[in-house]
Structures are given as structure tokens and as C-alpha cells.
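In the working numbering, the protein residues as written are 2 to 473. Virtual Cβ for every residue (Gly too), placed ideally from N, Cα, C. Here the structure is a predicted model, which is why all the values come from computation and not from measurement. These notes are about the structure you will find just below.
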């Protein structure tokens, strides 16, 4: 079992409750191969309209027009990239050098080079439209941490002027973006920065890090009397407040981190002051309630899903599992399921469908079973081969589960196949030229037309390639 790392994904054979299930069989078309877009490269980004591909090679980051454009080097090697909602701008950033600073670039599709905004960034933030990019720079000589902002409407093809809305004499400034607002904090102090107007507003004190909603319309502060307070960003009027801590049971606990979900629920991760215990509570205008957690965060790549790390400690050890919740703190996939799964669970866009695997050992061999839970039924089906944790998700229409699996073929060789499961039968789309590779950029599925972009590897330490696979 891959424990916390691998938390679930899909299967077939219809029944209302888990258990049983006949082998639905496999429709095989394993002779198909998929076009390679970039060799000796790793996937970095594909825009939603599939106009361009970004990949990383040994000597830097490359861009190429899809479907068959030539790759052009646009920057040094990037770790991550984010494309604006309209596809007209991309923000990229490098790994941290020495664990402290990174380079940040802005690239406009169609140009032959990205603009370097800084080589001394710590944190990086932006809005969904990438109308701005914010980062902080720490100056060793002066001991000053500065929040800097590049507004794209002021950028030329060669450079972006930087604006500095906040400077503090410390290295402890934190900030987050929501809509076109930045929420910055340093210790008990907090500020709102309205990027379009440039206005800086000092907020009341907070004993824990403040929280900003993804759209920037609400923010939350914590007072010394255990109150969680949620305010309207535009008016700064109090919307609701709750007491998050019961002194009878959590007197010596504090809020370690917090998130605000798309549903407006605040999920607080709590830590005991004197023991390794952790927990989580979900709060909204109606009250606060305990949930499975301890280390909850919004799950990247699954809008509306909250991933919670659940620790269970005994005097001798602590074990970690994971649970998946919706934006109101309700459990979608519990720890009992994720503990047995060999993959991360998959969720349809509306969260009504969840898929995972159950891995067991039978007669000394590992065996995977696919599971799919919908509002109407729970289906399962034995799987030939083993599911790969790197790729397990629903297709864009949520009618099939898309995954890769490893099968042993002639002479003991392993073949990696790209497959789909509709709840009744597994069908192979083709053979992958190598094992799916977590780089750590996950495979990307784009719609119109449905297409998978994936990095594959030729074994441990082998070369990597980026491929494109049309989906049914």
C-alpha cells in the first residue's frame, strides 16, 4: 500500500454495495501507440485551448505551438507554470535556490522569450486571469522583506515595471491572492492590498495567520478570545463569527493553518501546544464542528475537494492516513478507503462520482480491484495488471475512468497500457512507450477535443518524453 500518498480511484461491475463482482473482461486494442511531442523532456503546462505546450529539458523551458510546432527555448528550467484563464499569459517560477529564492518569469504565447521579473523571489501569487504577479524579495543588507507586484497592463514585450505596496523589517511576511486582492501578514499584523487601485489597508490584529477567499470577497481574522471572524473585503464589515475552541476540551490548542473553501467554509487545522496531537474543525455562519483532519488543504487539480492528513498517535508512533472532503467539510472518501487504495482517488467535476482502487495480496501476488461510487450505485471490477498511481482520473464527461496499468507480457517484460473503464468493461486505448512519470507535474487532461498529455519514463534514471493521447 502506498498509504497517505495513494488515496484511491476507479472500478467496474454493478452492485449497490461493495463486495463480489464479476470480472467484466477487457477489450484490447493495445497495438495503438501515441505521438511523442517532446523527447528528453518533462511536461510542464498545456493551456485549456491546447494552443501550446510547455516542457522542461536539461537546458531550460521550451514552448511549442500545438499540434506540431517546433520547440523554442523561452527560459531557464521552471518548476511550475500557470496559464491565465484567457490563455494569453503564463507565469512560471523556478525551484528555490538553496531553499530560499527563485526566479519568476512572465511569458506571452507567441513570443520567443519569457520576461524575468525577479531572481530573488520567495513566495509567488497571482489571480486566475494573471492580471498581476506578486512575490516577495528579502534584502539581506537591510533586513527588509518587500512585496512586489507586476501588473500586466504595464508590461512591455521586454520588461515589467514593479510596484512595492508593502515593506517590512523582517523575513516573516506572508501573503496570498484572492481575486485581485492580496492579503499580507506579519506576526499579528495584517493588510489588504487592492491591486487595481494600489490601496493598502491595515486590518485589525490577528493571533493566527489570516485567510482570504479564492475570489477575494471575504477574509478571516482570529482574535485572542478564540473567535474566528469573517469580514467582507469591500466594506470590511463583520459577516459572522464563531468560537472555534472549547476550553473544556482544547484549552491548550492553537490554529496552525486554515483554508477557506469555495463554499465559504473555514477549515481550521489545530495543534496541541504540549503534545503531537492534531485535529481539524469546519466553521461557517451556523457554527463549528469537528471533522477528520489535522492537516487539511485544498487539493490541487480537484476544485472543491479538500485533502486532509489524519494522524493517529500512540505512545510509540504516529500513523498518517488521508480523507477527502467537500467544501462544506463532509467526507467524500474516508481513511478506511484510502488506506487500501493504490492510487489517489478520482472525482467528477460535480463531486457526485468518486473512483479508487483496492489493492490486496492473493496467493503472494498483488491484485487491484476498481471501484466507482455514484449517487445510484457502487460498482467494482477486478483489474488485470496493476493500476499506476500517477494517472487515475475521470474523463471530462465523467463517463469513464482514465488510468494506466502495468501488465506482465511475454518473457516477463512489463507493458504499460493506457486504459478506460466505463463501470462495466475495461478498454485499452494503446500502449505507452514507457512508465507514467510523476515529475512532479501530474498528467493533464484537456477538453475539446478530449486529450491526455503525459510524461513517460524509460525506467529509473532513463530518459523521459511527453506524449499526447486522444481520448474517446
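With 16 other CB atoms within 10 Å as the buried threshold, where does residue i fall?
{"i": "residue 319", "result": "exposed"}
{"i": "residue 97", "result": "exposed"}
{"i": "residue 46", "result": "buried"}
{"i": "residue 244", "result": "exposed"}
{"i": "residue 436", "result": "buried"}
{"i": "residue 178", "result": "buried"}
{"i": "residue 186", "result": "buried"}
{"i": "residue 118", "result": "buried"}
{"i": "residue 73", "result": "exposed"}
{"i": "residue 189", "result": "exposed"}
{"i": "residue 270", "result": "buried"}
{"i": "residue 376", "result": "exposed"}
{"i": "residue 64", "result": "buried"}
{"i": "residue 532", "result": "Lying before the first or after the last residue shown, residue 532 is absent from the chain, which here runs from 2 to 473."}
{"i": "residue 290", "result": "exposed"}
{"i": "residue 4", "result": "Low per-residue confidence applies at residue 4: pLDDT is 37, beneath 50, and the placement is therefore not dependable, though the value from the model is reported in the following sentence. Exposed, since its Cβ has fewer than 16 Cβ neighbours within 10 Å."}
{"i": "residue 461", "result": "exposed"}
{"i": "residue 389", "result": "buried"}
{"i": "residue 340", "result": "buried"}
{"i": "residue 366", "result": "exposed"}
{"i": "residue 315", "result": "exposed"}
Select from the options the residue whose C-alpha is nearest the C-alpha of residue i.
{"i": "residue 193", "options": "255, 216, 410 and 234", "result": "234"}
{"i": "residue 86", "options": "95, 120 and 50", "result": "50"}
{"i": "residue 207", "options": "180, 230, 217 and 219", "result": "230"}
{"i": "residue 410", "options": "426, 88 and 385", "result": "385"}
{"i": "residue 338", "options": "326, 359 and 353", "result": "359"}
{"i": "residue 356", "options": "365, 367, 314 and 381", "result": "381"}
{"i": "residue 416", "options": "387, 391 and 427", "result": "387"}
{"i": "residue 109", "options": "91, 122 and 126", "result": "91"}
{"i": "residue 371", "options": "311, 343 and 429", "result": "343"}
{"i": "residue 80", "options": "290, 94, 131 and 429", "result": "94"}
{"i": "residue 308", "options": "322, 317, 315 and 397", "result": "322"}
{"i": "residue 104", "options": "129, 83, 136 and 111", "result": "136"}
{"i": "residue 395", "options": "446, 367, 414 and 413", "result": "446"}
{"i": "residue 69", "options": "38, 443, 374 and 286", "result": "38"}
{"i": "residue 124", "options": "176, 140 and 132", "result": "176"}
{"i": "residue 292", "options": "298, 281 and 285", "result": "281"}
{"i": "residue 160", "options": "167, 168, 151 and 450", "result": "151"}
{"i": "residue 166", "options": "407, 196 and 364", "result": "196"}
{"i": "residue 443", "options": "132, 468, 147 and 391", "result": "391"}
{"i": "residue 216", "options": "314, 183 and 174", "result": "183"}
{"i": "residue 199", "options": "223, 101 and 181", "result": "181"}
{"i": "residue 121", "options": "101, 131 and 129", "result": "101"}
{"i": "residue 138", "options": "172, 116 and 132", "result": "172"}
Considering just the uninterrupted stretch of the alpha helix (DSSP H) at residue i, what are its terminal residues?
{"i": "residue 338", "result": "336–339"}
First and last residue of the beta strand (DSSP E) that includes residue i?
{"i": "residue 62", "result": "61–66"}
{"i": "residue 447", "result": "445–447"}
{"i": "residue 414", "result": "Segment: none, residue 414 is in no beta strand (DSSP E) and carries neither H nor E."}
{"i": "residue 381", "result": "379–383"}
{"i": "residue 46", "result": "43–47"}
{"i": "residue 217", "result": "Note, residue 217: premise wrong, no beta strand (DSSP E); not H, not E."}
{"i": "residue 232", "result": "228–233"}
{"i": "residue 442", "result": "Taken as a continuous stretch (DSSP letters only), residue 442 belongs to no beta strand (DSSP E), as it is neither H nor E."}
{"i": "residue 406", "result": "402–409"}
{"i": "residue 429", "result": "427–432"}
{"i": "residue 82", "result": "81–84"}
{"i": "residue 35", "result": "Segment: none, residue 35 is in no beta strand (DSSP E) and carries neither H nor E."}
{"i": "residue 456", "result": "452–458"}
{"i": "residue 73", "result": "73–76"}
{"i": "residue 390", "result": "387–395"}
{"i": "residue 58", "result": "53–58"}
Who are the near neighbours of residue i in its chain, counting only those whose CB is closer than 6 angstroms to its CB and skipping five residues on each side?
{"i": "residue 274", "result": "253"}
{"i": "residue 473", "result": "none"}
{"i": "residue 334", "result": "9, 325, 346 and 355"}
{"i": "residue 191", "result": "204, 207 and 211"}
{"i": "residue 143", "result": "none"}
{"i": "residue 403", "result": "394, 396 and 421"}
{"i": "residue 258", "result": "270"}
{"i": "residue 474", "result": "The first residue shown for the chain is 2 and the last is 473, placing residue 474 beyond what the model contains."}
Sorted by chain position, which residues of the same chain lie with C-beta nearer than 8 angstroms to residue i's C-beta, five sequence neighbours on each side aside?
{"i": "residue 465", "result": "41, 42, 43, 435, 438, 440, 456, 457, 458 and 459"}
{"i": "residue 463", "result": "435"}
So, for residue i: in the same chain, excluding its five sequence neighbours on each side, which residues have a beta-carbon less than 7 angstroms away from its beta-carbon?
{"i": "residue 400", "result": "423"}
{"i": "residue 239", "result": "230 and 232"}
{"i": "residue 67", "result": "51, 52, 53 and 54"}
Completely contained alpha helix (DSSP H) runs for the stretch 237–293, where each covers 4 or more residues: For the stretch 237–293, whole alpha helix (DSSP H) runs of length 4 or above, ordered along the chain, are 248–251.
Runs of beta strand (DSSP E) wholly within the stretch 101–170 (minimum 3 residues, chain order): Here the runs fully enclosed are 103–108, 116–127, 133–140, 145–152 and 163–169.
Every unbroken beta strand (DSSP E) within the stretch 166–215, with a cutoff of 3 residues, ordered by chain: Taken in chain order, the complete beta strand (DSSP E) segments of 3 or more residues contained in the stretch 166–215 are 175–179, 182–187, 190–195 and 200–203.
Sequence ranges, beta strand (DSSP E) only - wholly within the stretch 289–377, length at least 3: The qualifying runs are 295–299, 307–314, 319–326, 332–334, 355–363 and 366–374.
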